[in-house]
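**Student:** Here you go, one structure.
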Amino acid sequence: MKLTAPIVFEPLYMERVWGGRKLETLFGKTLPSGAIIGEAWELVDREEAQSVVHTGALRGKTLNELWTEYRESVFGNRYANTTGRFPLLFKLLDAAEKLSVQVHPPAAVAPELKGEPKTEMWYVLAAEPGADLFAGLKQGTSREQFERALQTGHCDALLHRIETQAGDCIFIPSGRVHAIGGGNVIVEVQQNSDTTYRVFDWNRTGLDGKPRALHVQESLRSIDFDDYEPQLQNPAGTPLVQCAYFEIDRWNLDQPREAAPAGDFAVLTCISGKVSCAGSIFGPGEFFLVPASLEERLLTPAAPGTTVLRTRIA
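Laid out in structure tokens, this is it:
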């Protein structure tokens, strides 16, 4: 099958105790009425959650169906021998309040904990004054100090805090203890995993009025206690992030640029301005997949100040 337009999926909205309504006010997303939405899953291929194509020749097909039945035309021959589900998951996060202090298990530890490793990247789309995030530990913090701080409810004092502004980006490998502070709207690109161990949740209750479950022992087993004060990625760099799972570029489009080499695919996220591809126009907060068989694969700025993130499987 030869496709003639980018592929757009229907977002899946997730209610979270720390969420808000900014995905509606900033990007015009149609959120469930009255719901506190923390996450929009934009591309996902999991047993419990499936992205569905919104328009075009593949309308109604799931991302898993594209990956298993239309792999060559959508994703190209490069991934012909790749097994399992589509390996990445894309989200928009609206952190009206701070998230729990958490960690994802490294690959060496995940099997014994019956979890999935998860390496991810955060790109800040919007940040209120004073917004922050936590990533890694303050220099010199020991496991023993961290455990004692957990017992007194003050482990946040040992976390590396970074004030955020739009355009900031940080890499979060499995094993890095982290939390997103309130007031941030973030693009998250991650391994296809949903294993999160909460080590501390600011002593608050969940949507049901009860304290949310913590996973202290799993967290302590997963945290890299030699991971001190990581720095932000350089937004001017190309690639912005490169790891064993994904490669992400940040492009300021002042002229047309090819989304991906012929015969390969890419997932694009519009950050600012407007971008046109094969007759479709996308604005901030919108995601689209440029399929391998698409001939018109140029990304053309359709407004001043157009910026996109381009993601490919590593």
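Count the sequence shown with the numbering used here and you get residues 22 to 335, in order. Where is the CB? At the ideal position from N, CA and C, for every residue including glycine.
Out of Thr140, Glu250, His125, point me to the one whose CA is closest to Gly345's CA.
**Tutor:** What is shown of the chain runs 22 to 335, which leaves residue 345 out entirely.
**Student:** Quick one: Cα of Glu268 to Cα of Thr332, how far?
**Tutor:** If I take the Cα positions, the gap works out to 6 Å.
**Student:** What did DSSP end up calling Leu253 once you bin it into helix, strand or coil?
**Tutor:** Coil, per DSSP.
**Student:** By Cβ distance, which residues of its chain are closer than 8 Å to Arg67, with the 5 residues on each side in sequence left out?
**Tutor:** Contacts found: Arg106, Leu110, Asn213, Asp215.
**Student:** Can you say whether Leu228 is buried or exposed, counting buried as having 16 or more other CB atoms within 10 angstroms of its CB?
**Tutor:** Per the 10 Å Cβ criterion, exposed.
**Student:** Within 8 Å (strictly less), CB to CB, does Ser293 reach chain C?
**Tutor:** Structure shown: chain C not included; a single protein chain is present.
**Student:** Name the two residues that bound the continuous beta strand (DSSP E) containing Asn273.
**Tutor:** 267-274 is the span of the beta strand (DSSP E), which, as asked, contains Asn273.
**Student:** By DSSP's criteria, Phe308 is part of a beta bridge. Which residues make up the other side?
**Tutor:** Answer by DSSP bridge pairing, in chain order: Thr290.
**Student:** Identify which residue in Phe221, Gly151, Gly174, Gln166 has its Cα closest to the Cα of Ala187.
**Tutor:** Of Phe221, Gly151, Gly174, Gln166, the residue nearest in Cα terms is Gly151.
**Student:** How many angstroms separate the CA atom of Pro325 from the CA atom of Ser243?
**Tutor:** Straight-line Cα distance between these residues: approximately 44 Å.
**Student:** Just tell me which of Ala129, Val122, Lys23, Phe155 has its CA closest to the CA of Arg225.
**Tutor:** The shortest C-alpha separation from Arg225 is found at Val122.
**Student:** Which residues mark the beginning and the end of the alpha helix (DSSP H) in which Phe221 is found?
**Tutor:** Phe221 -> not in any alpha helix (DSSP H); beta strand (DSSP E) instead, spanning 218-221.
**Student:** By alpha-carbon positions, which one of Pro322, Gly41, Ser72, Leu47 ends up nearest to Gly59?
**Tutor:** Taking only the C-alpha atoms, the option nearest Gly59 is Gly41.
**Student:** Between Arg233, Pro32, Leu180, Ala101, which has its C-alpha nearest Pro53's C-alpha?
**Tutor:** For the residues Arg233, Pro32, Leu180, Ala101, the minimum Cα distance to Pro53 belongs to Pro32.
**Student:** When the Cβ atoms of the region 82-100 are set against those of the region 132-143, are three or more pairs found closer than 8 Å?
**Tutor:** Flag = no, the region 82-100 and the region 132-143 do not touch.
**Student:** So what does DSSP say about Val95, is it helix, strand or coil?
**Tutor:** Val95: helix per DSSP, three-state reduction.
**Student:** Taking 8 Å as the cut-off, decide whether the C-beta atoms of Pro296 and Val262 are in contact.
**Tutor:** Before going further, note that residue 296 is Val rather than Pro in the sequence given. Their beta carbons are not under 8 Å apart, which means Val296 does not touch Val262 by this criterion.
**Student:** Tell me the rounded alpha-carbon separation between Val237 and Gly202.
**Tutor:** In a straight line, the C-alpha of Val237 is about 20 Å away from that of Gly202.
**Student:** Pull up the distance between the alpha-carbon of His125 and that of Val38, whole angstroms please.
**Tutor:** C-alpha separation (whole angstroms): 20 Å.
**Student:** Quick check on Gly196: buried or exposed, where buried means 16 or more other Cβ atoms within 10 Å of its Cβ?
**Tutor:** Buried is the call here.
**Student:** Just the Cα atoms here: how many angstroms apart are Leu274 and Val206?
**Tutor:** C-alpha separation (whole angstroms): 22 Å.
**Student:** Leaving out five residues before and five after Ala287 in sequence, what residues of the same chain have Cβ atoms less than 8 Å from its Cβ?
**Tutor:** Same-chain partners within the cutoff: Ala280, Ala281, Leu310, Val311, Arg331, Thr332, Arg333.
**Student:** Please give me, in chain order, every unbroken run of the alpha helix (DSSP H) with length at least 4 that falls completely inside the region 30-106.
**Tutor:** Listed in chain order, they are 43-48, 84-90, 92-96.
**Student:** Given that a residue counts as buried once 16 or more other Cβ atoms are within 10 Å of its Cβ, and exposed if not, what is Ala61?
**Tutor:** Burial call: buried.
**Student:** Less than 6 Å between C-beta atoms, sequence neighbours within five positions excluded: which residues of the same chain meet that for Ile193?
**Tutor:** Taken in chain order, the residues that qualify are Glu141, His199.
**Student:** Go through its chain and collect everything with a Cβ distance to Leu120's Cβ below 7 Å, but skip five positions before and after it.
**Tutor:** Excluding sequence neighbours, Leu120 sits near Trp39, Ala200, Ile201.
**Student:** Give the DSSP-derived three-state secondary structure of Ser240 in the structure shown.
**Tutor:** Helix.
**Student:** Any idea which residues DSSP pairs Cys298 with across the strands?
**Tutor:** Its beta-bridge partners are Ser301.
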